[in-house]
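In this text, residue positions in the sequence shown follow the working numbering: the first is 1, and each later residue adds one. Quick reminder that beta carbons are idealized off the backbone N, C-alpha and C, glycines included. The structure presented is a predicted model; accordingly, all values stated were derived computationally and were not measured. Below: one structure, written as structure tokens.
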Amino acid sequence: MGVSLHTVPNQPNRILNIKDIHNVICDNDVHYFRTRLVEIEKTQNSHDGRVLPMPCILDVEQFCHERNLLLHGDGARLVNTSVASGIPMDDLVPRSRSV
Numbered sequence: 001m002g003v004s005l006h007t008v009p010n011q012p013n014r015i016l017n018i019k020d021i022h023n024v025i026c027d028n029d030v031h032y033f034r035t036r037l038v039e040i041e042k043t044q045n046s047h048d049g050r051v052l053p054m055p056c057i058l059d060v061e062q063f064c065h066e067r068n069l070l071l072h073g074d075g076a077r078l079v080n081t082s083v084a085s086g087i088p089m090d091d092l093v094p095r096s097r098s099v
């Protein structure tokens, strides 16, 4: 058992491209750990702390749900995200397995 991290860069418009996430998923290659978890940050350090758009968050959640992947929502700045976006905290992480 072990952990292997793969960072997926944001697009210039702040969204995550689902194809980029799909490309780093390891399913059946014995040389890599099988992907079981996706972690997303709701605010983006590389984009001046801007909030990840809610449609993008929902796309990632749907992607994980369809592939039976666990989803972890980074909660370090969850309150900031809620205040900046006007979206209640519970609504920001509806399908996250953990925060």
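| query | result |
| --- | --- |
| Less than 8 Å between C-beta atoms, sequence neighbours within five positions excluded: which residues of the same chain meet that for S96? | E61, L71, H72, G73 |
| By DSSP, does L52 sit in helix, in strand, or in coil? | coil |
| How is the beta strand (DSSP E) around V38 delimited, first residue to last? | 37-41 |
| Near C26, what residues of its chain come up, given a Cβ to Cβ distance below 7 Å and the 5 sequence neighbours on each side ignored? | Y32, F33, R34, T35 |
| Determine the contact status of I87 and D59, defining contact as a CB-CB distance below 8 Å. | no |
| For the beta strand (DSSP E) containing H22, list its first residue and its last residue. | Here H22 belongs to no beta strand (DSSP E); instead the alpha helix (DSSP H) covers 18-24. |
| T81 to S4, Cα distance in whole Å? | 27 Å |
| In this structure, how does DSSP classify Q44 when only helix, strand and coil are distinguished? | strand |
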